[in-house]
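Heads up, the thing below is written out as structure tokens.
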Ligand code: NAD
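Residue numbers (the numbering used here): 119 to 361.
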């Protein structure tokens, strides 16, 4: 498969290595230094683009791909307030888009476990739930896109919570789910969901050992997306429930 890499940082470089191992060809590499000089004709040589950049530039990159008929897989986080705009543009241009806030297979199984646990805990109001995520100090957004997906999984499956909020040490109103974000060293990503009562605690936790799981998942997504139009996520690729 001919791949364009948009973003050539920690993720872009890892994806490049694994893509070559899997026999794919990298036909274009774009980062902030050459973005202004890259042409649409160069992009069009790719069958799929894989985009891991920064919140401020991701949406412009997606539009560039849709404009040129190149389906795009993206893992960039922190731009989701523009989700509707991207969906409309993608539909207008009959584009292909695969988005995941987290491409790790393990995290996506964790997402399902989280929703299942939320349904089990629904009604046991003596348990208060909170989310904590820990990432490396270079991460630009907080809370992580993964933590937001976890929070939405709880809101959709537990009647005791109607919204989430970044935990800044203040008491939150009833029904607001606290999400704490810690930034420590080079931690690739830890997410924990805890249900705490006076008597005990139940905790589920996912800890990424390296970024390799994200890169492998993004490449599987690119192989899945090639030749498709429409919007897809990990649930489509892994046949997991969407609720
Ligand atoms: P990084 O800072 O190492 O790399 C960012 C890259 O984007 C750099 O190469 C930079 O030159 C490039 N860039 C900036 N502007 C650009 C533009 N206009 N066009 C093309 N490239 C441009 O970051 P990273 O660790 O590789 O992470 C990238 C993004 O992916 C972040 O948003 C991060 O949160 C997210 N991420 C998602 C997952 C997932 O599974 N979804 C996993 C890891 C990281």
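Ideal Cβ placement from N, Cα and C applies to all residues, glycine included.
Item to complete: Give the C-beta separation of residue 311 and residue 227 to the nearest angstrom, bearing in mind that I take them to be a contact with Cβ-Cβ under 8 angstroms.
Response: Not quite, the Cβ-Cβ distance comes to about 14 angstroms (not below 8 angstroms), so this is no contact.
Discussion item. Can you tell me which residues form a DSSP beta bridge with residue 192?
Written reply: 169, 217
Discussion item. Which residue wins for smallest C-alpha separation from residue 158, given the options 179, 143, 338, 294?
Written reply: 179
Practice prompt. Note down the Cα distance separating residue 356 from residue 137, rounded to an integer number of angstroms.
Written response: 20 angstroms
Worksheet item: Is it the case that the CB of residue 175 approaches a heavy atom of ligand 1 more closely than 6 angstroms?
Response: yes
Worksheet item: Counting pairs of Cβ atoms below 8 angstroms between the region 300-316 and the region 204-218, do you hit three or more?
Response: no
Worksheet item: In three-state DSSP terms, what is residue 294?
Response: strand
Worksheet entry | residue 126: CB within 6 angstroms of a non-hydrogen atom of ligand 1 | yes
Worksheet item: Is it true that the CB of residue 270 sits closer than 7 angstroms to the CB of residue 261?
Response: no
Worksheet entry | residue 310, enclosing beta strand (DSSP E) - first and last residue | 308-314
Discussion item. Looking at residue 200: is its Cβ nearer than 7 angstroms to the Cβ of residue 175?
Written reply: no
Item to complete: Excluding the 5 residues preceding and the 5 following residue 337 in the sequence, name in chain order all residues of the same chain whose CB lies nearer than 7 angstroms to its CB.
Response: 133, 136, 137, 140
Worksheet item: So what does DSSP say about residue 136, is it helix, strand or coil?
Response: helix
Practice prompt. Report yes if the C-beta of residue 71 is less than 6 angstroms from at least one heavy atom of ligand 1; otherwise report no.
Written response: Nothing can be reported for residue 71, as the shown portion of the chain is limited to 119 through 361.
Item to complete: Measuring alpha carbon to alpha carbon, tell me which of 173, 257, 253 ends up nearest residue 309.
Response: 253
Discussion item. At the level of alpha carbons, what is the spacing between residue 343 and residue 297?
Written reply: 32 angstroms
Worksheet item: Ends of the beta strand (DSSP E) at residue 109?
Response: Residue 109 is absent from the structure shown; the chain starts at 119 and stops at 361.
Item to complete: Can you grab the Cα-Cα spacing for the pair residue 340 / residue 306, in whole Å?
Response: 22 angstroms
Fill in: Stretch pair the region 145-153 + the region 185-197: three plus CB contacts closer than 8 angstroms
no
Worksheet item: Roughly how many angstroms lie between the CA atoms of residue 222 and residue 294, to the nearest whole one?
Response: 28 angstroms
Worksheet item: Tell me, which residues are paired with residue 124 by DSSP?
Response: 148, 169
Worksheet entry | Close-in-space but distant-in-sequence residues of the same chain around residue 225 (CB under 7 angstroms, 5 per side omitted) | 264, 324
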